[in-house]
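Chains as they are written, first to last, in the working numbering: chain A, 1 to 284; chain F, 1 to 663; chain U, 1 to 342; chain H, 1 to 269; chain V, 1 to 151.
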Amino acid sequence: MAVATSNIPNIYKPYLMRIEKVTVEAPGVRTFRLVFTNPEEAEKFTFQAGQFAEYSSFGDGESTFCIASSPTRKGYVECTFRQAGRVTSGLASKDVGDVIGFRGPYGNTFPLEAWEGKNIVFVAGGIALPPMRCVIWNVLDLRDKYKDVTILYGARTVADLVYKDELAEWDARPDVRLVTTVDPGGETPDWKGQIGFVPAVVEKAAPSAENSIAVVCGPPIMIKFTLPVLSKLGFKPENIFTTLENRMKCGVGKCGRCNVGKTYVCKDGPVFTFAQVKELPPEY
Amino acid sequence: MARIGVFVCHCGENIAGTVDCPKVVESMMHIPGVVHAVDYKYMCSDPGQRMVRDAIREHKLTGVVVAACSPRMHEPTFRRACAEAGLNPFLCEISNIREHCSWVHEKSEATTQKAIDLVRVMVEKVKRNRELQPISVPVTKTALVLGGGIAGIQAALDIANCGHKVVLVEREPSIGGHMAQLSETFPTLDCSQCIMTPRMVEVAQNENITLYTYSELESLDGFIGNFKAKIRMKARSVDMNLCTGCGSCYQKCPQKKIPSEFNTGLGTRTAIYTPFLQAVPNKPVIDRDNCLYFKKGVCKLCEKVCPTKAIKYDQQDEIVEVDVGAVVVATGYNVLNTGFFPEYGYGKYKDVITGLQFERLASASGPTSGEIRRPSDGKVPETVVFVACSGSRDPAKGLPYCSKVCCMYTAKHAMLYKHKMHEGKAYIFYMDIRAGGKMYEEFVRRAVEEDGVNYVRGRVSRIYEEDGQLVVKGADTLLGGMPLEIKADLVVLATAMVASPGAEELAQKLHVSYDAYKFISEAHPKLRPVETNTAGVFVAGACQAPKDIPETVAQASGAASKVLQLFSKPELMREPVVAVVNRTAPPLFSTCVGCFLCEKACPYQAIGREEIKARDGKVLKVVAKVNAGLCQGCGTCVALCRSKSIDLQGFTNEQIFAEIMAL
Amino acid sequence: MAETRLIRKDALTKLFEKTRQSGRRILAPKAKGEQAFFEEVTSFGEVCLDHVQTRSSAKEAVFPKCEALLRYKFGDKGAVSYDEKPFEPPVTVVFGTRPCDARSLAALRAVFNWDTPDKFYLEREARTTIISVSCTKADSDCFCTSVGGGPGDTAGSDILLTPVSDKEYLAEILTEKGQAIVALAPELFATAGGAQKEPHLAKVAVQFDVNELAKTIPVTFNDEKVWQEQSLACLGCGTCAYVCPTCACFDIQDEANRQGGVRLRCWDSCGFSLFTLHTSGHNPRHVQSQRWRQRVMHKFSYYLERQGMLGCVGCGRCSRACPVDMNLVEHLKELALHGRNG
Amino acid sequence: MEELKNKVRELLKAGTVQAVIGYRAGSDEKTARVAFVRQPDEADGLILDPRCTDNLAVYLLKPEVKLLGKLAIVARPTTARTILQLASENQLADGQVIVLGVSADGKAVVELASFEALEKFVGQVPAGLTEEEKVLLAKIEGMSREERWAFWQSEFARCIKCYACRAACPMCYCSRCIVESNQPQWIPVSPHDEGNLEWHLVRAMHLAGRCLNCGFCAKACPMGIPLNLLTQRLAEEAKAAFGAVAGGSATGEYALSMFKADDKEGFIR
Amino acid sequence: MENDNKATGAFEPKLVAFVCNWCTYVGADLAGTSRLKYASNVRVIRLPCTGRIDFMLILKAFAQGMDGVIVSGCHPGDCHYTVGNYHARRRWILFRSLLDFAGIDVRRVHFAWVSAAEGAKWADLVNKVSGEVRELGPYKEYQGLAGKGIA
């Protein structure tokens with residue numbers, strides 16, 4: 001028997017996006033620039049800094065990454081990922097012109113408006129710069145609205161640093177303070193940045209906590225040792241932001257995977273302040 | 001970001017005659033990841049290879065599929081071409097659309113479709129190929145030569161003379177093989193022993209050669225460059241160090257009626273014996289089956305007469321283990337037991353003999369000191385009939401192949417007979433005369449024209465005895481099949497050459513393949529005639545196929561040069577087709593759960609155990625570890641591993657899966 | 001809207017036939033061995049209402065164990081296009097659900113309709129009519145009354161049948177969907193008269209105070225020992241989640257060949273170690289006790305906070321199906337005790 | 001029974017072990033469940049009767065249980081065989097666990113501290129199928145090929161891929177099961193008919209020559225699929241073809257890790 | 001793999017052969033060099049040894065729509081890796097019995113020993129299997145599994 005179908009959209013159907021540009025950032029790490037195959041969809045699409053999406057390699061499945069480009073840059077989105085599992089390997093096999101799926105944007109955002117008039121300190125480690133790149137460019141594109149911008153970025157080795165061109169660009173800007181570091185032993189003969197672990201470099205750089213916001217992303221061990229440093233510098237937990245990367249499948253609060261206690265990282269996050277993180281059960 | 005190039009070879013008309021090559025190319029261009037596809041008349045030619053190299057550079061290819069002949073032909077060619085263009089050679093795969101497609105199917109759409117499928121399968125595989133580095137393994141610069149006939153001797157001397165150690169193993173008490181048994185050799189009629197024995201002595205005197213006679217290969221383990229051979233030295237009952245080879249023992253031995261193997265049963269020997277006077281080493285052995293002491297516990301005469309107390313009745317077989325880097329198999333041949341031609345009466349009539357027996361009759365060192373006397377009564381035969389192709393070229397009753405040397409030695413035999421018995425009559429029944437070779441045709445002609453040998457083209461149907469004479473019944477096919485009956489005093493059968501006894505067992509020990517007749521198979525009939533399919537094992541002489549002395553010697557030198565090539569570098573580069581145990585992120589480190597069921601299954605004992613430790617040294621888990629030097633890449637462990645924690649480089653699960661998915 | 005009628009037991013065959021003839025798919029308990037499973041049935045004879053509870057739940061009608069979310073085709077050079085067909089799930093009648101199962105739909109809907117409506121669930125639910133049968137017997141694993149339900153509870157049912165004599169069911173027609181079924185054969189439904197369902201219902205004792213539980217369990221959250229002890233026997237098999245009528249966690253997987261592929265949704269369980277495992281090897285819930293805690297906390301605490309209702313209907317399936325006899329009620333009581341004692 | 005309790009108390013009192021895995025009464029009179037006894041007085045709750053059928057060896061490899069310290073385990077012959085099989089697969093070391101072996105009649109209890117002792121205890125005959133299962137097996141074997149296909153398809157169609165069979169199986173101890181290996185994706189994750197068939201066949205093959213036929217997989221299956229028939233069928237085949245029987249020795253050979261040159265088959269052309 | 005016989009529409013079975021590199025692959029090469037003719041519906045997948053042939057590959061081939069599978073390698077005793085084929089043989093004995101027990105049509109899985117010298121045997125094998133599977137018709141049962149059970 002026939003029953004009329006409603007017009008509830010299929011929330012699991014990704015936009016089809018064409019890869020416009022592929023940049024190899026570091027061994028196994030790529031950035032895709034994606035454009036909508038359907039201009040109408042492009043027209044309607046908006047997102048904000050901090051949001052994430054589900055990217056499909058058709059035939060392999062979906063994977064979750066933050067949108068790495070700034071909402072201030074229109075006409076495309078970018079993502080950066082490390083080839084690790086089945087989906088990212090599938091994505092890594094794609095080239096310019098190939099089509100992948102994009103479902104999003106999902107999740108909350110960095111409160112950029114609330115940060116206006118403040119100093120912003122970005123602390124990132126390794127492959128965690130991409131989720132922050134979105135907000136960095138957003139801030140830099142609206143540079144006048146913010147005071148001092150400090151970017152502290154570390155990776156294991158020089159080769160592992162991502163966005164090398166942009167690091168150079170930020171380094172050259174007078175209105176950005178960039179400190180890059182690599183772990184001891186990860187330097188090359190011509191390395192001009194710091195050598196040392198991120199927490200120590202943060203301590204040395206000693207950004208002022210006065211009227212400041214810190215955004216920290218990186219491996220758990222880096223975060224664990226960076227937080228006390230920031231705290232010592234006077235940063236309050238509610239002024240330190242991060243983005244959590246729990247495993248997700250649906251991205252829209254249904255599949256149950258990203259739950260941290262009663263919190264759904266996909267809906268309540270991914271952006272949290274450390275004041276919020278402290279309240280979460282240790283399941284992230 | 002796979003960027004695959006596909007190169008479809010026409011192989012002249014060999015492929016293009018049945019497969020629509022342009023269509024194959026066209027269909028490849030629709031496959032994701034294929035950025036370049038092209039067909040060409042001869043891809044393996046220099047311009048063809050250049051196309052591959054240029055495309056790699058121009059299109060920044062990350063993988064190459066050459067659709068052409070079997071990978072056994074040109075995989076190395078194209079992998080080299082890729083390497084020259086800067087592409088890791090293991091990113092090149094061959095799709096076999098000739099042997100597996102164009103040559104076995106008629107020209108049709110289906111054939112082209114099959115070619116397309118085969119190429120697509122390889123494209124999907126190559127997309128998942130990884131850059132691999134050849135594995136370097138050390139090479140033990142000692143060669144093992146199995147067989148002390150002319151082939152083994154030649155190979156051993158060639159290798160030893162280049163300064164490498166050789167272990168030469170001979171089953172019989174003396175080296176020399178069949179060549180030492182021969183009288184004169186065609187086409188020059190120089191004395192076989194005259195040219196052979198100096199070489200035998202050379203072997204004995206060469207410091208680089210360790211000679212194990214009366215010994216056999218027990219087992220061979222390991223792999224190219226790193227074999228471990230176990231050699232069984234059979235108990236000689238004679239202490240080699242003490243024996244001076246004076247000969248007192250066998251002169252006194254009371255057992256004198258034992259048929260001599262060396263003389264093909266036409267002469268006798270004692271129970272303690274050396275096979276022949278020029279034997280190397282010239283030291284006797286006791287044939288325990290025939291020795292009175294061993295049989296009945298009495299005698300010990302030899303012990304009494306031995307001046308150096310070298311007789312050791314209680315000697316045991318001894319196993320010696322040697323490390324060798326290469327093996328040359330030169331175990332020779334045997335002559336066919338003609339028993340399966342009952343109508344020829346071999347074994348029934350004493351005067352029906354084999355060609356090899358005739359050699360002994362004609363040899364100056366033989367039982368008749370070179371006089372041709374028939375075995376039954378020692379009479380000098382007045383009529384001798386030679387029967388060529390006795391067992392060869394006869395798929396119905398004998399062997400389908402041509403034994404290659406019979407035409408020549410039969411001509412030689414007839415000639416030798418005529419030289420010694422000018423008024424005697426020599427008849428040769430033959431099918432065709434195969435006398436390809438330098439001075440061979442001339443030699444046969446000489447037999448006919450100068451020595452008056454009667455060549456009769458036809459088969460012998462029956463040989464029987466009548467009034468003390470042999471009656472040879474046959475037909476002369478040149479005279480329209482006219483029946484022919486010749487009364488002969490002696491009949492010589494040019495019996496087929498067959499693999500030597502135990503050839504099959506030996507091949508299995510060596511892990512080399514062999515054909516239906518137990519002849520060892522060469523790796524390629526044309527291009528790799530001295531290699532076997534087991535790397536590091538080479539073949540020389542008649543154990544591979546019937547051949548004459550010059551050919552045997554040439555092949556032996558060829559095998560030696562392959563060994564020397566292997567020994568020319570300190571290390572050997574090997575294809576990295578080896579199993580690898582995976583590594584994953586902590587806390588798992590590897591998905592291997594350490595059941596070690598693979599360890600037991602590995603035919604090469606290549607799987608060991610590895611402890612994964614925490615920073616504080618605490619053992620977190622024990623996982624399997626593959627010794628890449630020992631692993632030969634069979635993949636048995638991979639199929640066995642339940643959790644898919646071990647994979648085979650070059651044939652990974654992902655690759656094989658992709659191939660199936662591409663069907 | 002609710003209307004009460006009587007229907008003779010032997011009239012169900014007729015109703016069943018009419019329902020089938022109307023083009024509806026019918027899912028009902030079918031006996032196999034000692035268990036009963038919800039399966040598609042084509043004749044009333046296949047239906048078995050003898051079991052206290054089926055092994056599998058009826059959630060498969062609205063949340064199949066494996067369903068396609070997306071189909072796509074590969075074109076030239078791997079181009080992707082969607083294989084779009086209108087989503088028209090079968091119009092279904094689930095017959096013979098227990099009231100607890102009927103209640104479970106609300107919990108499922110709370111997830112699937114949360115902020116972003118899930119087309120697949122909602123379309124299926126819209127086409128599904130639930131005809132429940134009240135419980136006249138219960139077993140020791142039943143605890144519906146402890147979580148707000150009851151053996152004759154009407155919530156979630158479109159029609160609730162309660163056997164009031166050997167021959168008759170009291171039929172509560174609760175919704176329009178229920179009315180539509182009645183309309184297929186109105187002659188089978190008689191006026192109810194004074195029949196009452198209560199005396200015929202099973203007695204299910206209240207075993208714990210769910211409101212207290214919601215307060216006490218979170219107290220124990222960080223007491224790892226408690227959770228470890230409680231979950232020590234757990235094999236992490238996931239059976240409890242798979243038979244649970246309210247468990248909604250799922251996995252999304254692609255399956256494809258050269259021609260195209262399908263994106264599938266299938267059931268999953270928070271009890272599996274892989275559920276939360278990151279590719280990096282990091283696992284937020286790396287031991288079984290954390291995973292088991294997640295399931296209990298989700299049902300009895302998080303659900304209340306986020307969805308405003310319990311994530312449990314007290315059907316007892318988890319306890320019955322557990323291969324190592326872990327009894328949820330027992331555990332809840334013990335956890336509550338720990339919570340009370342701080 | 002008292003013998004067992006005494007033994008458990010002794011072991012715990014002496015500190016020989018920190019925990020004993022045994023059986024206690026379950027949620028109803030028909031059920032027994034696992035007990036982790038850590039205090040001597042908790043031994044009172046142990047039971048040993050026909051209800052106690054679960055193969056407790058599955059707990060020996062669980063990390064949470066290992067944390068309890070040195071373990072003793074109450075083992076019927078099948079569990080004991082399981083322990084030996086695990087030992088032959090390097091999952092248990094000699095002396096790692098003390099086995100309280102229960103004789104087949106359930107009366108006598110012997111303390112077995114070494115594999116050698118365990119080997120003597122288990123004897124030669126592994127557990128077979130129940131009468132009911134034998135009837136079903138014979139019925140399936142008596143079917144035509146098409147009927148067998150239909151039978152198993154109807155069984156597998158119910159599979160929900162919860163992997164309870166795997167979780168309950170003491171021999172399924174891989175740290176990453178093949179179904180979780182996704183590069184390549186050996187077996188579809190989703191519980192559709194193709195994926196279900198592949199899963200059950202691969203599970204059976206992976207247990208071929210290793211299954212002790214404890215029946216825990218079938219018991220654990222919430223959908224009532226007679227899974228152990230598959231593994232048991234292969235166990236019979238391995239025995240008939242190779243004389244291989246799992247669980248007889250701590251150094252036993254795995255049927256598929258070895259071969260005989262004259263292994264018989266009648267189908268290879 | 002496309003249907004080989006598009007033109008006539010007659011059923012042509014799709015076959016895949018998993019063969020070892022040293023014997024059967026070479027045997028198939030020999031069939032080629034000998035210009036023996038055989039059915040064109042088999043696709044060869046080369047593996048180093050029969051020991052490498054995971055039983056799952058056979059199931060995957062059916063899942064991929066094959067109507068028949070050939071598995072072939074060196075004769076016992078002739079394995080290039082000494083004993084890989086002995087291991088394979090054991091595996092196949094059990095696997096085949098399992099397939100049969102599960103109701104899979106074992107007439108569609110052909111195990112063979114084809115040596116490097118047996119080009120004719122290879123051609124013959126392909127023709128025979130091709131003929132037998134053609135008789136059996138498409139493997140509808142297995143192919144029918146695709147998509148079954150997906151709501």
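Ideal placement from N, C-alpha and C gives every residue a C-beta, glycine not left out.
- For the stretch 162 to 178 of chain H, the beta-carbon criterion of a distance under 7 Å to any beta-carbon of chain U is satisfied by CYS162, TYR163, ALA164, ALA167, ALA168.
- At a cut-off of 8 Å between C-beta atoms, ARG86 of chain A counts as an interface residue with respect to chain H.
- Within the stretch 579 to 611 of chain F, the residues whose Cβ lies closer than 7 Å to any Cβ of chain U are, in chain order, THR584, ALA585, PRO586, PRO587, LEU588.
- Under the 10 Å beta carbon count, LYS139 of chain H is surrounded by fewer than 16 other beta carbons and is classified as exposed.
- Non-local beta-carbon contacts of VAL96 of chain A in its own chain, meaning distances under 8 Å to residues more than five positions away in sequence, involve ILE19, GLU20, LYS21, VAL22 in chain order.
- Residues of the stretch 22 to 39 of chain F whose Cβ lies closer than 9 Å to any Cβ of chain U, in chain order: MET29, HIS30, ILE31, PRO32, GLY33, VAL34.
- Residue environment analysis places ILE221 of chain A among the exposed positions, since fewer than 16 neighbouring C-beta atoms fall within 10 angstroms of its C-beta.
- For ASP95 of chain A, the nearest beta carbon of chain F is closer than 8 Å to its own beta carbon.
- Only buried fits ILE463 of chain F, as 16 or more other CB atoms lie within 10 angstroms of its CB.
- Shown in chain order are the members of the stretch 45 to 73 of chain U whose Cβ falls below 9 Å from a Cβ of chain V: GLU60, PRO64, LYS65, CYS66, GLU67, ALA68.
- Beta-bridge analysis with DSSP links ASP251 of chain U to U:CYS266.
- Chain-ordered, the chain U residues with CB closer than 7 Å to the CB of PRO9 of chain A read LYS119.
- DSSP places ASP193 of chain H in the uninterrupted alpha helix (DSSP H) bounded by 193 to 207.
- Excluding residues up to 5 positions away in sequence, VAL102 lie with their Cβ nearer than 7 Å to the Cβ of ARG76 of chain H in the same chain.
- Here ASP141 of chain U is near SER319 of chain U, since their CB atoms are less than 8 Å apart.
- The stretch 239 to 248 of chain U makes contact with the stretch 307 to 318 of chain U; the number of CB pairs closer than 8 Å reaches 3 or more.
- The Cβ-Cβ distance between VAL472 of chain F and ILE486 of chain F falls below 8 Å.
- For GLU229 of chain U, there is no enclosing beta strand (DSSP E); the residue is found in the alpha helix (DSSP H) stretching over 224 to 231.
- Within the same chain, LEU16, ARG18 come within 6 Å of THR37 of chain A by CB-CB distance, once the 5 residues on both sides are set aside.
- Just so you know, the alpha carbons of HIS338 of chain U and ALA168 of chain H end up roughly 29 Å apart.
- In this structure, F:VAL123 is the residue among F:PHE90, F:GLU109, F:VAL123 with its C-alpha nearest to the C-alpha of PHE7 of chain F.
- Counting the other CB atoms within 10 Å of its CB gives GLN133 of chain F a total below 16, which places it among the exposed residues.
- Below the 7 Å Cβ cutoff, chain V contributes ILE150 as neighbours of LEU264 of chain U, in chain order.
- By the neighbour-count criterion, in which a residue is buried when 16 or more other Cβ atoms sit within 10 angstroms of its Cβ, HIS206 of chain H is buried.
- For a Cβ distance threshold of 8 Å, residue set PHE37, ARG55, SER56 of chain U lies close to MET223 of chain H, ordered along the chain.
- By the CB criterion at 8 Å, MET56 of chain V and LEU663 of chain F fall outside the cutoff.
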